[in-house]
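Down below is the structure, laid out as structure tokens.
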Amino acid sequence: MHSGEPAVLVDGLTKRFRHAVAVDGVSFTVPRGAAFGLLGRNGAGKTSTIKMLTTLSPLTAGRAAVAGFDVAAQPFDVRRHIGYVPQAQSADVDLTGFENLLVFAKLYRIPRAERGARIADALALMGLARFAGLLVRHYSGGMVRRLEIAQATLHHPDVLFLDEPTVGLDPVARRAVWGRVKELRTRLGTTVFLTSHYMDEVGELCEHVAFLHEGRLVASGTPAELCASAGPQATLDDVFVQLTTRRP
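Residue 248 is where the sequence shown ends in my numbering, and the numbering goes up by one at each step.
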């Protein structure tokens with residue numbers, strides 16, 4: 001990714017299914033190195049957008065580029081430069097934490113001579129070094145999520161996509177994930193693109209946010225800007241309610 005170009009560029013992005021439009025002409029950019037939150041109610045188009053940006057679902061119309069590569073024309077290059085943690089659990093519970101990461105090291109074609117050090121570093125960064133030899137079925141929910149982030153960042157991607165990264169976790173586990181995401185950005189300069197329904201999480205992690213409502217982009221800016229525009233003493237929860245309970 002060249003210096004100065006956005007980590008994510010979305011221009012008129014559209015996703016149509018047989019009887020519905022899930023994403024309707026959405027445009028936005030995510031600056032390199034930023035943490036960006038794509039927000040909205042269930043069914044707003046967030047996951048459909050992420051699936052298009054991660055090459056898991058074809059675009060119906062519009063254009064998108066991630067890490068400087070066109071999503072439609074250069075999907076292999078996009079995949080090499082991103083990490084993705086979906087909502088559903090992706091770690092193999094019948095393997096140890098180390099073994100899960102070894103599988104990903106091979107998938108990412110990390111040279112054999114570098115795998116051990118890269119895995120050890122990823123486990124340490126996510127606070128899992130002591131549990132490397134433990135079967136993942138014995139991990140807590142927060143530990144599993146941190147392992148999945150380690151998997152997704154083992155190859156040091158330019159952009160990390162997190163789809164509701166702390167859903168179902170208790171407050172302590174959520175804060176542990178937040179801390180590791182912040183550390184990841186500090187250490188590797190990774191751009192983070194996340195969806196979440198927890199506005200405290202968004203306020204903690206994101207410098208930029210955009211709201212989708214019924215597939216359309218209805219507002220974007222910094223959390224502070226959007227709160228100020230919503231009225232005196234407005235919180236990000238207030239902004240969420242205002243923007244997602246009216247028609248765009």
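Each residue gets a CB set at the ideal place from its N, CA and C atoms; glycine is no exception.
Problem - Residues sharing a beta bridge with T191, DSSP - result: As a beta-bridge residue in DSSP terms, T191 pairs with V159.
Exercise for the section: Take the Cβ of T55 as the centre, count every other Cβ of all protein chains shown within 10 Å, and call the residue buried at 16 or more, exposed below. Expected result: buried
Practice task
May I have the straight-line CA-CA distance separating R112 from P165, to the nearest angstrom?
Solution key: 30 angstroms
Problem - P248 versus L217: straight-line alpha-carbon distance, rounded - result: Since pLDDT at P248 reaches only 46, below the 50 mark, its modelled position is unreliable, and no value is offered.
Problem - Residue burial classification, Q151 (beta-carbon count within 10 angstroms, cutoff 16) - result: By the neighbour-count rule (16 or more Cβ atoms within 10 Å), Q151 is buried.
Handout entry: Per DSSP, cross-strand counterpart(s) of V14
Key = Just to set this straight, residue 14 is Thr in the shown sequence, not Val. DSSP, once it has assigned bridges, lists A61 as partnering T14.
Practice task
Note down the Cα distance separating K15 from T47, rounded to an integer number of angstroms.
Solution key: 11 angstroms
Problem - Residues near L9 by beta carbon distance below 6 angstroms, same chain, minus five either side - result: T29 and A65
Exercise for the section: Would you mind giving the Cβ-Cβ distance between L125 and E183, rounded to the nearest angstrom? I have them listed as a contact below 8 angstroms. Expected result: 6 angstroms
Problem - Selected residue, minimal CA-CA separation from V144, among V93, R32 and E214 - result: V93
Exercise for the section: Under the assumption that S90 contacts E5 (Cβ atoms under 8 angstroms), give the Cβ distance between them as a whole number of angstroms. Expected result: Rounded to whole angstroms, the Cβ separation of S90 and E5 is 29 angstroms, and the two are not in contact under 8 angstroms.
Exercise for the section: Can you tell me which of the three DSSP states T49 falls into? Expected result: helix
Exercise for the section: Look at the alpha carbon of L236 and the alpha carbon of Q74, and state the distance between them as a whole number of angstroms. Expected result: Taking the CA atoms as reference points, L236 sits about 36 angstroms from Q74.
Problem - Test item: CB-CB of A105 and I119 under 8 angstroms - result: yes
Handout entry: A61 burial status per 10 Å Cβ neighbour count (16 or more: buried)
Key = exposed
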